[in-house]
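S.K.:
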Amino acid sequence: MTTPTTSPTSLTEAYLVTGMTCQHCVGSVVTALGALDSVEAVTVDLNSGGASTVHVTSPAALDRGTVAAAVTAAGYQLA
1 MTTPTTSPTS LTEAYLVTGM TCQHCVGSVV TALGALDSVE AVTVDLNSGG ASTVHVTSPA
61 ALDRGTVAAA VTAAGYQLA
């Protein structure tokens, strides 16, 4: 696996996402969020029994509505 390159001024935000139960779910969310403009990296701490923590790294804060729309399009919900 390759380590994503981030800029020295990158900001990492954490979001709680519900509905993910497996690595396939993780892949769907990572792909959806990774497709957003300016997203440099996405990592997930999977909690199959509840809300999972999704870390999104970008040069500036992302609009929560944009993140929510991408997560919803992947089939999941922000908590």
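According to full-length UniProt numbering, the sequence shown holds residues 1 to 79 in order. For glycine and all other residues, C-beta sits at the position ideal for the given N, C-alpha and C.
(1) With burial defined as no fewer than 16 other Cβ atoms inside 10 Å of the residue's Cβ, what is the status of residue 22: buried or exposed?
(2) Taking only runs that begin and end inside the region 16-53, name each unbroken beta strand (DSSP E) of 3 or more residues, in chain order.
(3) Look up residue 79 in the DSSP assignment and say whether it is helix, strand or coil.
(4) Three-state secondary structure (DSSP) at residue 72?
(5) Tell whether a beta-carbon distance below 9 Å holds between residue 26 and residue 10.
(6) What are the residues that DSSP puts in a beta bridge with residue 11?
M.R.: A quick look at the data gives this:
(1) Classification of residue 22: exposed, given that the 10 Å Cβ count is below 16.
(2) Listed in chain order, they are 41-45.
(3) Under the three-state reduction of DSSP, residue 79 is assigned to coil, being neither helix nor strand.
(4) Residue 72: helix per DSSP, three-state reduction.
(5) Not a contact, by the Cβ cut-off of 9 Å.
(6) Bridge partners of residue 11 according to DSSP: 58.
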